[in-house]
Amino acid sequence: MRDYSDFDSLLPAVPFNRRQFMVSAIGAGFALAVQPVVAQTVITTDSVGLSAGEIKVTTGDGEMPAYRAQPASGGNWPIILVVQEIFGVHEYIKDVCRRLAKLGYLALAPELYARQGDPRQYSNIEELLGKVVSKVPDAQVLADLDACVAWAVAHGGNAARLGITGFCWGGRITWLYAAHNPRLKAGVAWYGRIVGVPSELNPRHPLDIAGKLYAPVLGLYGGLDQGIPLDSVEKMRKALAESADPASKASTIHVYDQAPHAFHADYRPSYRKTEADDGWRRLQAWFRQHGV
Numbered sequence: 197m198r199d200y201s202d203f204d205s206l207l208p209a210v211p212f213n214r215r216q217f218m219v220s221a222i223g224a225g226f227a228l229a230v231q232p233v234v235a236q237t238v239i240t241t242d243s244v245g246l247s248a249g250e251i252k253v254t255t256g257d258g259e260m261p262a263y264r265a266q267p268a269s270g271g272n273w274p275i276i277l278v279v280q281e282i283f284g285v286h287e288y289i290k291d292v293c294r295r296l297a298k299l300g301y302l303a304l305a306p307e308l309y310a311r312q313g314d315p316r317q318y319s320n321i322e323e324l325l326g327k328v329v330s331k332v333p334d335a336q337v338l339a340d341l342d343a344c345v346a347w348a349v350a351h352g353g354n355a356a357r358l359g360i361t362g363f364c365w366g367g368r369i370t371w372l373y374a375a376h377n378p379r380l381k382a383g384v385a386w387y388g389r390i391v392g393v394p395s396e397l398n399p400r401h402p403l404d405i406a407g408k409l410y411a412p413v414l415g416l417y418g419g420l421d422q423g424i425p426l427d428s429v430e431k432m433r434k435a436l437a438e439s440a441d442p443a444s445k446a447s448t449i450h451v452y453d454q455a456p457h458a459f460h461a462d463y464r465p466s467y468r469k470t471e472a473d474d475g476w477r478r479l480q481a482w483f484r485q486h487g488v
C-alpha cells in the first residue's frame, strides 16, 4: 500500500507513459454535445465571498488545469473533489464547486481528459466517447485526483476532512476512488455506472470493489435511468450489505423511482428539481455525518 503519511506521496513516483497535455485551460460555457442548454433551469451561484477560478495542478508529467472554489478568507477548509460528467469541466461543474464553497469547502474539479482531448469541441456524444472518454485510463484519473488532494493540502485544505463527489462518468470514479485513497472520509456518487467489462484502461468497476472501500459512499440513482439498469444497482446494494468491510457496509444507495439519468444536471432536460434538491440535502448530511 502506498504511504500516505506525507501528502507529497500522493503524486505519482514515476510519470505515466502519456501523451503531452492537449488541454491547458478550462473554457467557458457548456460542451457542444449538450446543446441546447435548458436556460430557464440553470442554477447560477455567484462568487461573492469566495475565491474561485482556474488553477494548475502539478501531476507526474506536467500541469493539469482545474477549477477551484473556496471561501475567500480563513483556512483549514475541508476538501471535496468534484469529478466531471463525460462532458468535462464546464459551467455546471464549476457551479457545483461554488455551491460547495458557499458551504465552507475547498472544492476542486480537475480537467481529467486534459491529455486525451477537449470535450468542448465535440457536438456528437458518440464521437466524444470514442475519441476522448474511452482513451482515459482509470489509473491516470486516480493519480490525478491524488495530485489534486496534494494541491489542496498545500493551499489551505484540511487533509483530515477529505470527500469526493462525481456525476455520471464521475459517479463511477467516485466509487473507485473510495477504494483507492485510505485518507478519504466519504464519497457521494451521482448515477455512476456500476458494472462493465474489464479492460486494460478500466480493469475494475464499482461492483468489483464493493467490499474493499476505504470510505463510505452514498449512491444516488434514478429509477428511470435507461443507461444504468436497476438490477446492477441492486447487485451493488447487496454486495455492500454483505461485505465484512466497515466502510462498505456503512455505504448506502438511494434510488429516486421517477428520476431519469442526470437528474441533478440543471442545464439539461433530464433535470428533476425535487430529486436534485433532495440529493443535495443528502450529500450535505452525508459529508457532515462522516466528518468532511
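Taking the numbering used here, the leading residue of the sequence shown gets 197, the next gets one more, and so forth. Positions of the beta carbon are idealized from the N, C-alpha and C atoms, including for glycine.
For residue i, collect the residues of the same chain with a Cβ closer than 7 Å to its Cβ; drop the 5 residues on either side in sequence, then sort them by chain order.
| i | result |
| --- | --- |
| A458 | C364, Y387, R464 and S466 |
| E307 | V219, I222, M260, P261, A262, G284 and V285 |
| A348 | I275, L302 and L304 |
| W273 | Q266, P267, G300, Y301, L302, G352, G353 and N354 |
| A184 | The question about residue 184 has no answer, for the chain in this structure spans 197 to 488. |
| D340 | T255, M260, P306 and L308 |
I believe residue i touches residue j by the beta-carbon criterion, under 8 Å. Please report the beta-carbon distance rounded to the nearest angstrom.
| i | j | result |
| --- | --- | --- |
| H486 | A355 | With a Cβ gap of about 15 Å, H486 and A355 do not count as contacting. |
| M218 | Q312 | 7 Å |
| I321 | A229 | 5 Å |
| L409 | W482 | L409 to W482, Cβ: 14 Å. No contact. |
| P315 | V328 | 6 Å |
| A411 | A443 | 5 Å |
| G407 | A435 | 6 Å |
Residue range of the beta strand (DSSP E) that residue i falls in?
| i | result |
| --- | --- |
| P442 | Premise fails: P442 lies in the alpha helix (DSSP H), P442 to A446, not in any beta strand (DSSP E). |
| A385 | A382 to W386 |
| R357 | G353 to F363 |
| V349 | Unbroken run through V349 is the alpha helix (DSSP H), D334 to A350; no beta strand (DSSP E). |
| A303 | L302 to P306 |
| G415 | V413 to G418 |
Excluding sequence positions up to five away, which residues of its chain have a Cβ less than 6 Å from the Cβ of residue i?
| i | result |
| --- | --- |
| I390 | P402, L403, S428 and M432 |
| L397 | P333 |
| V488 | P274, R357, G359, K381 and A382 |
| G423 | H457 |
| S439 | G407 and K445 |
| K252 | E259 |
| I405 | A375 |
The alpha helix (DSSP H) that contains residue i, what's its start and end?
| i | result |
| --- | --- |
| R295 | E287 to K298 |
| A461 | Where A461 is concerned, there is no enclosing alpha helix (DSSP H), given that its DSSP letter is neither H nor E. |
| V429 | L426 to E438 |
| L325 | I321 to K327 |
| A472 | K469 to Q485 |
Near residue i, what residues of its chain come up, given a Cβ to Cβ distance below 8 Å and the 5 sequence neighbours on each side ignored?
| i | result |
| --- | --- |
| V233 | F226, Y463 and R464 |
| G258 | Q216 and F217 |
| T241 | D291, R294, R295 and K298 |
| A437 | K445 |
Is residue i near the ligand GDP, judged by its Cβ being under 7 Å from some heavy atom?
| i | result |
| --- | --- |
| D242 | As far as ligands go, the structure on display features none, and thus does not contain the ligand GDP. |
Could you check whether the Cβ of residue i sits closer than 8 Å to any Cβ belonging to chain D?
| i | result |
| --- | --- |
| D453 | The structure shown contains no chain D, having only a single protein chain. |
Flag this pair as touching only if the segment 280 to 297 and the segment 250 to 269 have three or more C-beta atom pairs under 8 Å; answer yes or no.
yes
Could you pull out every unbroken beta strand (DSSP E) segment of at least 3 residues lying fully inside the segment 215 to 297, listed in chain order?
246 to 255, 258 to 267 and 273 to 279
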